Amino acid sequence: MIVPEVIYIKLIYREQMISQTGFWTFEGQRFDQEHCYDAKLSDAIVSIAKQRKITKSYDFGCGPGNYVRNFRQNGIEAFGYDGNPVTSKLPWCSVQDLTADFQLDPVDFLLCLEVCEHVPKEFEEKLLKTIDRHVNPGGMLILSWAVVGQGGLGHVNCQNNDYVISKFQSMGYTYNLTDSIHLRNNVSNAGWFRNTAMVFIKN
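Under numbering that gives the first Met the number 0, the first residue of the sequence shown is numbered 0, with each subsequent residue one higher.
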């Protein structure tokens with residue numbers, strides 16, 4: 000028996016509201032409704048960036064650009080990238096499929112929230128390579144990845160924390176447990192981040 004949620008997701012893919020590589024193409028009110036911003040978590044992320052004296056950051060999978068805006072309001076130059084064509088209408092944000100071959104100047108602070116679980120397994124390595132080549136050695140990566148069993152629209156590649164940590168360790172990153180716990184303790188309305196927010200340092 001196919002559950003209604005599976006049918007719904009298949010219809011969304013067929014109607015091209017979700018691309019084959021996972022980015023959304025929603026517009027208008029639907030675009031706003033499907034993205035969830037956690038202001039308390041955002042402030043905690045900005046606080047960590049300030050402690051590290053970060054001057055420039057990227058948000059990969061920026062959605063409506065809320066985290067970019069908060070960085071900017073706190074004096075940090077931030078740029079957002081997302082595959083959704085609507086992104087071109089947002090200040091400081093650009094359209095970019097994160098599984099494609101592209102190169103920006105690497106930064107010391109990169110944010111990638113609620114992206115990986117939306118990217119099909121076949122494109123996972125491309126996404127991770129994109130992330131990796133945009134983080135400087137010694138730089139910080141703040142990432143979330145929906146755990147197995149976590150519901151969500153377009154979740155096609157959920158992975159538990161141990162998988163994600165092992166994956167990034169094999170790529171030359173160290174898991175920062177202290178900052179990860181700090182972020183998980185500073186979540187308000189988006190409760191899933193208490194299980195999924197992770198901080199890594201590139202060796």
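The beta-carbon is built from N, C-alpha and C at its ideal position, and this holds for glycine as well.
Here the structure is a predicted model, which means the values were calculated and not measured.
Which one or two residues does DSSP pair with residue i in a beta bridge?
i, result
"S93", "Y80"
"I141", "L110 and V198"
"Y172", "K201"
"V134", "V106"
"W23", "I17"
Closer than 6 Å by C-beta to residue i: which residues in its own chain qualify, once you throw out the five before and the five after it? Chain order, please.
i, result
"H154", "E116 and A145"
"D58", "Y66, V67, G79 and L110"
"N188", "D37"
"K55", "E76 and V106"
"L126", "L97, T98 and V118"
Is residue i helix, strand or coil by DSSP?
i, result
"S18", "coil"
"Y57", "strand"
"V163", "helix"
"V45", "helix"
"P3", "Low confidence applies to P3: its pLDDT is 42, below 50, so where it sits in the model is not reliable, and the reading given next is rough at best. In this structure, P3 counts as helix in the three-state DSSP scheme."
"N69", "helix"
Apart from the five residues just before and just after residue i, which ones in its own chain have a Cβ nearer than 8 Å to its Cβ?
i, result
"L40", "L182, N185, V186, S187, A189, F192 and A196"
Whose CA, out of the options, lies closest to the CA of residue i?
i, options, result
"S46", "N69, G64 and T24", "N69"
"T86", "L112, F22 and V198", "F22"
"C92", "L152, M170 and D81", "D81"
"E121", "N156, G150 and I180", "N156"
"K52", "N73, N194, S169 and V163", "N73"
If residue i sits next to residue j, beta carbons under 8 Å apart, how far is it from one beta carbon to the other, in whole angstroms?
i, j, result
"K201", "N135", "7 Å"
"T20", "T129", "So it is not a contact: roughly 11 Å between Cβ atoms."
"G62", "H34", "4 Å"
Excluding five sequence neighbours on each side, which residues of the same chain lie with their C-beta closer than 7 Å to the C-beta of residue i?
i, result
"Y7", "Low confidence applies to Y7: its pLDDT is 43, below 50, so where it sits in the model is not reliable, and the reading given next is rough at best. Answer for Y7: no residue qualifies."
"H133", "Y57, L103, P105, V106 and L109"
Using a Cβ-Cβ distance under 8 Å, would residue i count as near chain B?
i, result
"I200", "The structure shown has no chain B; it contains just one protein chain."
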